[in-house]
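In the numbering used here, the protein residues as written are 21 to 276. Backbone N, C-alpha and C fix where the C-beta goes; we use that ideal spot for every residue, glycine too. Bear in mind that the values here come from a model prediction, so they are computed numbers and not experimental data. The structure appears right after this line, and notes come after that.
This is how it looks when you write it as structure tokens:
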């Protein structure tokens, strides 16, 4: 997850669909694509939590329409509007919208970031606990965009249920995601990539020369924790202006 939201660049063409699950090095991958493709990358986690409120609201609308099974052309139009001006899209919710993104960008390369499955399960278990903190909806209520975050997470879970056949075990989801991609993406368009391998395999997949700069290394877990604490602190400060919130949220913050 980046430090700030990306801004679309007029005329930029989306060349890469990042199909890797969250917590598979998507932030480092995004930073690397930004260098190789010389343009802004739409990292879903960053855009939704740090970008303008239109980001999260738009994806909530897209997810609701998608879950209803209706308005397919409207879904594509809204998704095109969100991603226009970016050279790549990575992270959720795009990683579960690969068929739709391929329909919009048929010439794009699909690259799925991967990592050790056990490590991914552990990481996702931690973030699941953060996203379901009981006080989160109340704390985020004063924040224009993030007040919708709990609803967004609920819709994202519903999307995962539909894509992965109501499976909730992360170890099985990881394998099903790989299988799903192999089923829906032509073999010659699909690449699996571990960010720990650095520039060489990524540059080979994209037909690019290896740049003369270090490969970007961004810790997804620390970045997400940073953003979570930032928004919870903002929410608490807003509430503190007129109310005293229950001590559970403060206790959670103080532990770090």
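> Hey, is the stretch 118-130 in contact with the stretch 57-68, meaning 3+ C-beta pairs nearer than 8 Å?
Replying inline: no
> Whose C-alpha, out of 101, 79, 227, is nearest the C-alpha of residue 32?
Replying inline: Taking the chain shown and counting its residues from 1, the one referred to as residue 32 is at position 12. Closest by alpha carbon: 101.
> Ends of the alpha helix (DSSP H) at residue 64?
Replying inline: Counting from 1 along the chain shown, the entry for residue 64 is found at position 44. First-last of the alpha helix (DSSP H) with residue 64: 64-70.
> So, helix, strand or coil for residue 133, using DSSP?
Replying inline: Translated into the one-based positions of the chain shown, residue 133 becomes position 113. If DSSP states are grouped into helix, strand and coil, residue 133 belongs with the strands.
> Is residue 61 helix, strand or coil when you go by DSSP?
Replying inline: Here residue 61 corresponds to residue number 41 of the chain shown, with the count starting at 1. Strand.
>> For residue 50 and residue 106, what's the separation of their Cα atoms in angstroms?
In response: What you label residue 50 is simply residue 30 of the chain shown in a count that begins at 1. What you label residue 106 is simply residue 86 of the chain shown in a count that begins at 1. Answer to the nearest angstrom: the Cα atoms are 11 Å apart.
> Using a Cβ-Cβ cut-off of 7 Å (strictly less than) and excluding sequence neighbours within five positions of residue 221, which residues of its own chain qualify?
Replying inline: Taking the chain shown and counting its residues from 1, one reaches residue 221 at position 201. So the qualifying residues of the chain are 213.
> In angstroms, rounded to a whole number, what distance separates the CA positions of residue 168 and residue 84?
Replying inline: One-based indexing of the chain shown puts residue 168 at position 148. One-based indexing of the chain shown puts residue 84 at position 64. So the alpha carbons of these two residues sit roughly 13 Å apart.
> Start and end of the beta strand (DSSP E) containing residue 194?
Replying inline: Along the chain shown, read from residue 1 onward, the residue named residue 194 stands at position 174. Here residue 194 belongs to no beta strand (DSSP E); instead the alpha helix (DSSP H) covers 190-204.
> Buried or exposed: where does residue 139 fall if 16 or more other Cβ atoms within 10 Å of its Cβ makes it buried?
Replying inline: Counting from 1 along the chain shown, the entry for residue 139 is found at position 119. The residue is exposed, with fewer than 16 neighbouring Cβ atoms inside 10 Å.
>> Classify residue 38: buried if its beta carbon has 16 or more other beta carbons within 10 angstroms, exposed otherwise.
In response: Counting from one through the chain shown, the residue named residue 38 turns up at place 18. The residue in question, residue 38, is buried, as its Cβ has 16 or more Cβ neighbours within 10 Å.
>> Please report the distance separating the alpha-carbon of residue 47 from that of residue 238.
In response: Within the chain shown, numbered from 1, the residue matching residue 47 stands at position 27. Within the chain shown, numbered from 1, the residue matching residue 238 stands at position 218. Straight-line Cα distance between these residues: approximately 6 Å.
>> Applying the 10 Å Cβ sphere with the 16-neighbour rule, what's the burial state of residue 94?
In response: Indexing the chain shown from 1 puts residue 94 at position 74. Classification of residue 94: exposed, given that the 10 Å Cβ count is below 16.
>> Rounding to the nearest angstrom, what Cα-Cα distance links residue 90 and residue 194 in this structure?
In response: The count along the chain shown starts at 1 and reaches residue 90 at position 70. The count along the chain shown starts at 1 and reaches residue 194 at position 174. C-alpha separation (whole angstroms): 28 Å.
> What three-state label does DSSP hand residue 211 in the structure shown?
Replying inline: Start at 1 with the first residue of the chain shown, and residue 211 comes out as number 191. Here residue 211 sits in strand by DSSP.
> What runs of the alpha helix (DSSP H), each 4 residues or longer, lie entirely inside the stretch 68-143?
Replying inline: 73-88, 92-103, 118-124
> Quick one: is residue 60 buried, meaning 16 or more other Cβ sit within 10 Å of its Cβ, or exposed?
Replying inline: Translated into the one-based positions of the chain shown, residue 60 becomes position 40. Residue 60 is buried by the Cβ-count criterion.
> Secondary structure at residue 230, three-state DSSP: helix, strand or coil?
Replying inline: In the chain shown, counting from the first residue as 1, residue 230 sits at position 210. Note: residue 230 maps to coil in three-state DSSP.
>> DSSP three-state label for residue 147, please.
In response: Residue 147 sits at position 127 when you count from the first residue of the chain shown. Helix at residue 147.
> Name the DSSP bridge partner or partners of residue 36?
Replying inline: Within the chain shown, residue 36 is the residue found at index 16, counting from 1. In the DSSP output, where bridge partners are listed per residue, residue 36 has 108, 129.
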